[in-house]
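Quick note on my numbering: the sequence shown kicks off at 143 and runs consecutively. Glycine residues also receive a C-beta, built at the ideal position from the N, C-alpha and C atoms. What you are looking at is a predicted structure, and each value in this text was computed from that prediction instead of being measured. What follows is a short report on a single structure.
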Amino acid sequence: MEKVSSFILPSVTALIVIFGLFKGVKVFDCFVKGAADGLKSAVRLLPPLMGLVLGVSMLRQSGALAVITRALEPIARFTGIPADVLPLTVLSPISGSGSLTMFEQILKNFGPDSPEGRIASVIMGSTETTFYAVTVYYGSVGIKKSGCTVPAALLADMTSFIVSSLSVYLF
């Protein structure tokens with residue numbers, strides 16, 4: 143199986159080049175144009191991503207994360223989410239690296255087989271970094287207004303947090 147997987151990418155690349163040549167497409171010119179467009183997209187995405195990283199850093203360093211977590215504790219008790227997992231639920235829609243750091247702390251403090259560790263594991267596997275994804279995907283095509291995307295994605299994240307807790311306690 144390992145030998146097969148090492149040939150997949152070169153084979154697909156060769157098929158694309160052969161198909162392009164067969165159709166009379168200047169494959170290298172298309173590649174160069176695509177690379178240039180990708181570089182322009184990366185430059186356009188840099189300012190919003192820097193703002194997102196700065197915002198997450200400020201959230202954690204200012205103590206606002208602790209304040210938000212304390213404010214959400216009654217909801218967490220009602221939904222069955224442990225208070226120690228709440229910072230992960232706040233960070234996971236915002237930052238992948240921030241939520242990964244929080245996840246590692248939960249596993250280190252409580253262990254992977256604890257209810258907190260298991261709930262955090264399910265959350266990490268079932269949620270999306272909503273704001274990062276919206277920033278990257280909408281920013282790459284120049285969309286300024288996200289409409290209902292963010293509220294719908296946050297509702298999906300909340301549902302995932304609650305179902306993660308339920309599934310760990312039930313199974």
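Taking just the CA atoms, how far does residue j sit from residue i?
i, j, result
"D179", "Y279", "14 Å"
"L181", "S282", "11 Å"
"L312", "S148", "41 Å"
"I210", "L188", "28 Å"
"I160", "S183", "28 Å"
"A225", "V264", "16 Å"
"L214", "S199", "20 Å"
"P220", "S204", "The sequence given here places Phe at residue 220; Pro does not occur at that position. When rounded, the distance between both Cα atoms is 27 Å."
"S288", "L151", "35 Å"
"S256", "E270", "23 Å"
"P216", "V227", "13 Å"
"M192", "T301", "29 Å"
"G284", "V185", "12 Å"
"P293", "L242", "23 Å"
"A177", "E144", "30 Å"
"M266", "K286", "28 Å"
For my contact list, residue i and residue j are in at a C-beta cut-off of 8 Å; report their separation, rounded to the angstrom.
i, j, result
"S268", "S306", "6 Å"
Could you check whether residue j and residue i sit closer than 8 Å to each other, using their CB atoms as the reference points?
i, j, result
"T277", "P190", "yes"
"L223", "I261", "The sequence shown places Ile at residue 223, not Leu. Result yes, Cβ atoms of I223 and I261 sit closer than 8 Å."
"P229", "L249", "no"
"T272", "L296", "yes"
"G240", "R212", "no"
"F252", "E246", "no"
"Y274", "L196", "no"
"V169", "L163", "yes"
Buried or exposed: where does residue i fall if 16 or more other Cβ atoms within 10 Å of its Cβ makes it buried?
i, result
"S234", "buried"
"F303", "buried"
"A218", "buried"
"V146", "exposed"
"D299", "buried"
"V167", "exposed"
"V310", "buried"
"M244", "buried"
"V315", "In this structure the chain extends from 143 to 313, so residue 315 is not present and cannot be described."
Give me, in chain order, the residues of the same chain whose beta-carbon lies closer than 7 Å to that of residue i; leave out the 5 immediate sequence neighbours on both sides.
i, result
"V232", "L207, I210, T211"
Beta-carbon within less than 8 Å of residue i's beta-carbon, same chain only, minus the 5 sequence neighbours each way: which residues are those?
i, result
"K165", "none"
Leaving aside the five residues before and after residue i along the sequence, list all residues of the same chain whose C-beta is less than 6 Å from its C-beta, in chain order.
i, result
"C172", "none"
"L157", "none"
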